[in-house]
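One structure below.
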Amino acid sequence: MAGIQLDPQVVARVLETNLRKYAVAAETSEVGHVLETGDGIALVDGLPGVMAEEMVLFSRGVYGMAMNLERHHVGVIILGDFSRVRQGDLVRRTGKVLQVPAGEALLGRVVTALGQPLDGRGPIVTTTSRLVEADAPGIVQREPVHRPLHTGIKSIDAMTAIGRGQRELIIGDRQTGKTTLAVDTMLNQRPGDVRCVYVAIGQKMSTVAQVVHVLEEHGVLSNCIVVVASAGESAPLQYIAPFAGCAMAEHFR
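In short: position in the sequence shown from 1, add 4, done, that's this note's numbering.
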């Protein structure tokens with residue numbers, strides 16, 4: 005059998021082509037470790053350059069947010085199952101501040117405080133995101149309040165008129181109808197162009213399911229976003245839930 009003849013020039017060209025495709029990139033990251041954990045909080049050492057409210061990633065895939073910056077360690081709130089974060093775990097900076105998805109794709113969806121879907125209807129496809137902690141617009145950027153927001157409740161619409169863009173607090177004891185009042189107001193927006201964001205904090209999932217059912221039954225869920233941080237969620241997720249809801253709502257400003 006005749007031996008295979010190799011052309012040195014062909015071999016050189018092939019090697020040169022492959023070497024040009026090969027790229028060496030060095031990536032540096034600041035990595036610390038967990039000193040102790042408890043009640044959804046982790047004390048982390050070795051992240052001297054971390055920013056306030058920066059997202060960090062624990063070695064078991066759980067995210068956290070840097071809150072308390074001290075000289076020798078950082079207090080991190082754990083955004084997820086804090087039982088998966090243990091003493092000695094590695095913690096890596098992400099260089100990103102906490103953001104949540106925003107946009108029309110969230111309308112009609114039930115999501116967590118981090119914007120992850122809970123309704124089993126597939127992923128949320130959007131390229132828009134907003135900072136959870138963002139500066140409020142100045143007085144010049146705000147539109148004047150001149151259009152009324154009808155709640156559908158005669159006593160409120162007649163005696164305590166509410167305008168679009170106005171902040172209004174609903175406060176009261178337990179079982180006095182606060183949720184019913186808010187849901188009725190959302191139901192009354194069905195014929196209009198008002199986007200509604202309902203944030204459930206510390207409620208039972210059965211209660212949230214009832215609210216979602218009412219919204220869907222009356223045909224207004226497609227114009228709403230439901231953000232859920234139920235009673236079973238960690239305290240950090242319940243803490244950021246109202247900020248996340250406001251960030252999603254401000255996209256429609």
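Positions of the beta carbon are idealized from the N, C-alpha and C atoms, including for glycine.
Beta strand (DSSP E) segment containing Asp188, residue limits:
Premise fails: Asp188 lies in the alpha helix (DSSP H), Lys182 to Leu191, not in any beta strand (DSSP E).
Start and end residues, beta strand (DSSP E) containing Ala46
Element bounds for Ala46: Ile45 to Asp49.
Around the C-beta of Tyr202, are 16 or more other C-beta atoms found within 10 angstroms, so that it is buried, or is it exposed?
The residue is buried, with at least 16 neighbouring Cβ atoms inside 10 Å.
Measuring CB to CB, does Val224 end up less than 9 Å from Val212?
No, the Cβ-Cβ distance between Val224 and Val212 is not below 9 Å.
Bridge partners - Ser33, DSSP secondary structure assignment:
In DSSP, Ser33 forms no bridge with anything.
Classify Gly249 as helix, strand or coil using the three-state DSSP reduction.
DSSP places Gly249 in helix when its eight states are reduced to three.
Less than 9 Å between the C-beta atoms of Thr130 and Ala117, yes or no?
No, the Cβ-Cβ distance between Thr130 and Ala117 is not below 9 Å.
Collapsed DSSP secondary structure at Arg90 in the structure displayed
Coil at Arg90, not helix or strand.
Short Cβ contact (9 Å threshold) for Arg199 with Phe256
Yes, Cβ-Cβ distance for Arg199 and Phe256 is below 9 Å.
CA-CA distance, Glu254 and Ile174?
Approximately 20 Å, taken between the alpha carbons.
So, are the CB atoms of Val136 and Gln103 less than 9 Å apart?
Yes, they are a contact pair.
What residues are listed by DSSP as bridge partners for Ala204?
DSSP, once it has assigned bridges, lists Val232 as partnering Ala204.
Starting from Pro148, follow its DSSP beta bridges and name the residues at the other end.
Checking the DSSP bridge columns, you'll see Pro148 has no partner listed.
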